[in-house]
Amino acid sequence: MALLYYNQGCSQHFDPEINSDHACTYHPGVPVFHDGWSCCKRRTTDFSYFLSIVACTKGRHNSEKPPEPVKPKVKTTEKKLSELKPKFQEHIIQAPQPVEAIERKLMPVLLYEYYYIIQENTGLIFLTLVFHICFFSLHQKLHFCALMYQAEIDLQYMWSLQGYI
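Here this note's numbering is used: the first residue of the sequence shown is -12, the next is one more, and so on.
Shown next as structure tokens:
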């Protein structure tokens, strides 16, 4: 009759009447997670290889269950929630506030140039006005300068409307 035995690593069924000193090949140590057996020097991280590691010790088949390894006691004490809070004052650190943009007032400055051209054959005078408007900050930094308007004006026509001609 085959009995249940407790030697790790031995895959044989045994009969207690036929149990010699070299009948069982087993691991006397304990399995080490992701490593192998504590009694052998063969190490592995592959589980299928771990299962196929040949046992390292010969002895008799054992039908007695070995004692469970002693587990460390976990100390637990029941404490109230108020006892678990820290004994110092809570200091909450807030995130920094966003920086507000500094509003700078811009002062517009109107700059203009004029050119006149006299056409010899017609006697017409063309006046070209070029207006630039520049924005300066209070610190006199040039922020924006753009050509705003350019116009050609026929002065003779303008003067005729005003009654000068």
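For glycine and all other residues, C-beta sits at the position ideal for the given N, C-alpha and C.
What does DSSP give as the partner residues of His0 in its beta bridges?
In the sequence shown, the residue the question calls residue 0 occupies position 13. The partner list for His0 (beta bridge, DSSP) is empty, contrary to what the question assumes.
Alpha carbon to alpha carbon, how far is Gln81 from His213? Give it in angstroms, no decimals.
With the chain running from -12 to 152 in the structure shown, residue 213 is simply not present.
Assuming Ile40 contacts Cys27 (C-beta within less than 8 Å), just tell me the rounded distance between them.
For the purposes of this step, residue 40 is taken as the residue at position 53 of the sequence shown. For the purposes of this step, residue 27 is taken as the residue at position 40 of the sequence shown. The Cβ separation is near 7 Å, so the contact holds.
If I measure Cβ to Cβ from Ala42 and keep anything under 7 Å in the same chain, skipping five residues before and after, which residues do I get?
Looking up residue 42 in the sequence shown gives position 55. Gly(-4), Cys(-3), Thr12, Tyr13, His14.
Taking the CB atoms as reference points, tell me whether Thr31 and Phe37 lie closer together than 9 Å.
If you number the sequence shown from 1, residue 31 lands on position 44. If you number the sequence shown from 1, residue 37 lands on position 50. Yes, the pair counts as a contact, with Cβ atoms nearer than the cut-off.
Cβ shell of Asp8 (< 8 Å), same chain only, five flanking positions each side left out
Residue 8 sits at position 21 when you count from the first residue of the sequence shown. The residues are Lys45, Gly46, Arg47.
Please work out which residues of its chain come closer than 8 Å, Cβ to Cβ, to Pro18, disregarding the five sequence neighbours upstream and downstream, and give them in chain order.
As a first step, residue 18 must be located in the sequence shown, where it is residue number 31. Around Pro18, the same chain offers Gln(-5), Trp24, Ser25, Phe37 as residues with beta carbons nearer than 8 Å, after the five sequence neighbours per side are excluded.
Which residues DSSP lists as bridging Thr44, in chain order
Here residue 44 refers to the residue found at position 57 of the sequence shown. Note: Thr44 sits in a beta bridge opposite Tyr13.
Give the DSSP bridge partners of Val19, in chain order.
Taking the first residue of the sequence shown as 1, we reach residue 19 at position 32. According to DSSP, which records beta bridges pairwise, Val19 is partnered with Gly23.
Along the alpha helix (DSSP H) that carries Ser35, what are the first and last residues, could you check?
Along the sequence shown, one-based indexing puts residue 35 at 48. Ser35 -> alpha helix (DSSP H) spans 34 to 38.
Which partner residues does Arg30 have in the DSSP bridge list?
Taking the first residue of the sequence shown as position 1, residue 30 is located at position 43. Its beta-bridge partners are Gly23.
Bridge partner(s) assigned by DSSP for Gln(-5):
On the sequence shown, residue -5 is found 8 positions in, with the first residue counted as 1. Partner(s): His14.
Helix, strand or coil: how does DSSP classify Glu70 here?
Translated into positions along the sequence shown, residue 70 becomes position 83. The answer is helix: DSSP assigns Glu70 an H, G or I state.
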